[in-house]
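See structure below.
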Amino acid sequence: MAKKPVHFSVGLFPYDRWGGIKPIADAAKHADDLGFYGLTFPEHIVMPVRPDVPPVSVMWYDNFVLASHVATLTKRIRLIFNVMVIPYRNPVVAAKLISTLDQVSNGRLTVGVGAGWLRGEFRVLGVNAEERGPLTDEYLRAMKVLWTEANPEFRGKYVSFSRFAFEPKCVQKPHVRLWMGGSGKAPMRRVIEIGDGWAPMTGDLPDLKRDISLIKERAIAAGRDPEALDFSYSLVV
């Protein structure tokens with residue numbers, strides 16, 4: 673069996689160093705011209721400030737607005753959210769933002785997703801950090817229903833809906849590719865149950881090799897094709 677190709681993407685964060693939107697957009701166009709596979713967009717909505725621990729960055733543009741702008745200026749490069757924190761948004765709103773951006777980019781969107789970790793950010797947004805795992809699981813399942821069903825219906829603990837139209841759907845079918853972000857048991861489980869790929873943020877290469885093999889074994893056991901899964905890893909160079 674032929675091996676899947678290896679792709680290289682580039683991240684433009686931290687945004688503070690660019691001095692505004694135009695230099696970021698120019699860099700994105702240059703990456704597109706150079707042939708990079710994708711542009712990665714990390715996410716925070718607010719950054720709690722502690723005097724004893726300076727934040728890596730306080731400049732965080734809204735990913736949907738920034739990626740939409742970049743999409744109109746580029747031709748082929750993929751837009752990769754790495755990662756979008758799922759509990760921060762109502763899942764119906766999040767699904768609409770994602771499907772609209774997939775339309776704007778003509779099917780160039782990949783959405784890495786995660787449960788989040790920054791408790792101060794959860795407090796500001798009024799989201800219970802203790803429930804971020806179950807929220808992520810249920811919201812993602814609800815979003816997939818919205819993207820794939822003509823008359824979506826869903827009943828859950830945190831969200832329920834029925835009998836309404838949801839358009840547009842994603843350009844990509846059945847929906848945008850969802851990469852499960854993070855390391856540990858929960859993200860690896862989500863790859864098999866919900867996702868299309870895995871995007872750990874850290875880890876030694878031997879551990880990554882072991883975990884990728886484990887995910888593939890579990891995919892086979894669940895009746896999924898392990899070669900259809902994507903595996904991504906971020907490095908600072």
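The sequence shown lines up with residues 673 to 909 when you count with the numbering used here.
The beta-carbon is built from N, C-alpha and C at its ideal position, and this holds for glycine as well.
Just so we're clear, the structure is a prediction, and the values are computed from it rather than from any experiment.
When you compare each of LYS888, LEU901, VAL908 and LEU850 to GLY912 by their alpha carbons, which one comes out closest?
Not covered by the structure: residue 912. The range shown for the chain is 673 to 909.
4 or more residues per run - each alpha helix (DSSP H) lying fully within the stretch 786-853:
Runs of the alpha helix (DSSP H) inside the stretch 786-853: 791-797 and 804-820.
Short of 6 Å in beta carbon distance, which residues of its chain neighbour THR712, apart from the five on each side in sequence? Order them along the chain.
So the list reads SER681, GLY683, ILE752 and ASN754, once near-sequence residues are dropped.
Contact check, VAL848 vs LEU781 under 8 Å by CB: the rounded distance?
Yes, they are in contact, since the Cβ atoms of VAL848 and LEU781 sit about 5 Å apart, within 8 Å.
Spell out a yes or no on whether the stretch 794-805 and the stretch 768-776 are touching, meaning 3 or more CB-CB pairs, one atom from each, closer than 8 Å.
Counting C-beta pairs closer than 8 Å gives fewer than three between the stretch 794-805 and the stretch 768-776, which falls short of the contact rule.
One or two residues paired with LEU711 in a DSSP bridge:
Answer by DSSP bridge pairing, in chain order: VAL682 and LEU751.
Counted within 10 angstroms of its Cβ, other Cβ atoms place HIS862 as buried (16 or more) or exposed:
The displayed chain sequence assigns Arg, not His, to residue 862. ARG862 is classed as buried because its beta carbon has at least 16 other beta carbons within 10 Å across all chains shown.
Consult DSSP for THR772 and reduce its assignment to one of helix, strand or coil.
Correct three-state label for THR772: helix.
In this structure, does DSSP put VAL783 in helix, strand or coil?
The three-state reading of DSSP puts VAL783 in strand, counting E and B together.
At the level of alpha carbons, what is the spacing between LYS768 and ARG791?
CA-CA distance, LYS768 to ARG791, rounds to 26 Å.
Do you know offhand how far ALA894's Cα is from ASP688's?
If you draw a straight line from the Cα of ALA894 to the Cα of ASP688, it is about 44 Å long.
Only counting the same chain, and skipping five residues up and downstream in sequence, which positions put a Cβ closer than 6 Å to that of GLY784?
Taken in chain order, the residues that qualify are PHE753, ASN754, VAL755, TRP851, GLY853 and ALA871.
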